[in-house]
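Peer 1:
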Amino acid sequence: MELQTAADTLAQLGNPTRLEVVRCLVKAGPSGMTVGSIQKQLDIPASTLTHHLKHLKEVGLLVQKREKTILWCSIDYQRLNEISVFLVDECCSFCSKEFGNEKTELDAA
C-alpha cells in the first residue's frame with residue numbers, strides 16, 4: 019500500500035462517526051447493513067450519514083449495493099486488511115516479532 023493511500027484511509031478513519039460506521043459494518047459481517055439500519059443504530063441524520071459513507075467509499079473501505087430502493091453497505095475486508103498490514107509492517111515493524119508473526123490478517127467475520 020502506498021504511503022499516501024494509507025494516510026488518506028487513516029484520515030477518514032480518524033473521524034469518530036466514520037469509525038463508528040466501520041465498527042457497525044464489521045459487526046454486521048459480510049452481508050452488511052442497509053443505510054437505514056446504520057442511520058437508526060447511530061442515531062444521526064440521513065444527510066450526515068450520506069456524507070460519511072461517501073468518504074469511506076472514496077478510500078475503498080465501503081462497498082455499496084442497491085437492491086431496488088434499498089442501499090446496502092458492507093466493509094471491503096481486503097482493504098481493511100491492507101491498512102492493518104500496512105500499520106504493522108510499515109509503522110510497527112519492530113513489534114512484529116512480539117506479535118508472533120510478520121503480518122496481521124483480519125477474518126471476514
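For the sequence shown, the numbering used here begins at 19 and goes up steadily by one. Virtual Cβ for every residue (Gly too), placed ideally from N, Cα, C.
#1: Within 10 Å of its beta-carbon, does residue 125 have 16 or more other beta-carbons around it, so buried, or fewer, so exposed?
#2: Looking only at DSSP bridge pairs, what is residue 84 linked to?
#3: Can you tell me the Cα-Cα spacing of residue 52 and residue 96, whole angstroms?
#4: So, do the stretch 57-68 and the stretch 81-91 have three or more beta carbon pairs nearer to each other than 8 Å?
#5: From residue 79 to residue 61, what does the alpha carbon distance come to, in whole angstroms?
Peer 2: Looking at the atomic coordinates:
#1: Caution applies to residue 125, whose pLDDT of 48 falls short of 50 and renders its modelled position unreliable; the value that the coordinates give is listed next. Result: exposed.
#2: Per DSSP, 89.
#3: Roughly 20 Å separates the two Cα atoms.
#4: These segments do not touch.
#5: Rounded to the nearest angstrom, the two C-alpha atoms are 21 Å apart.
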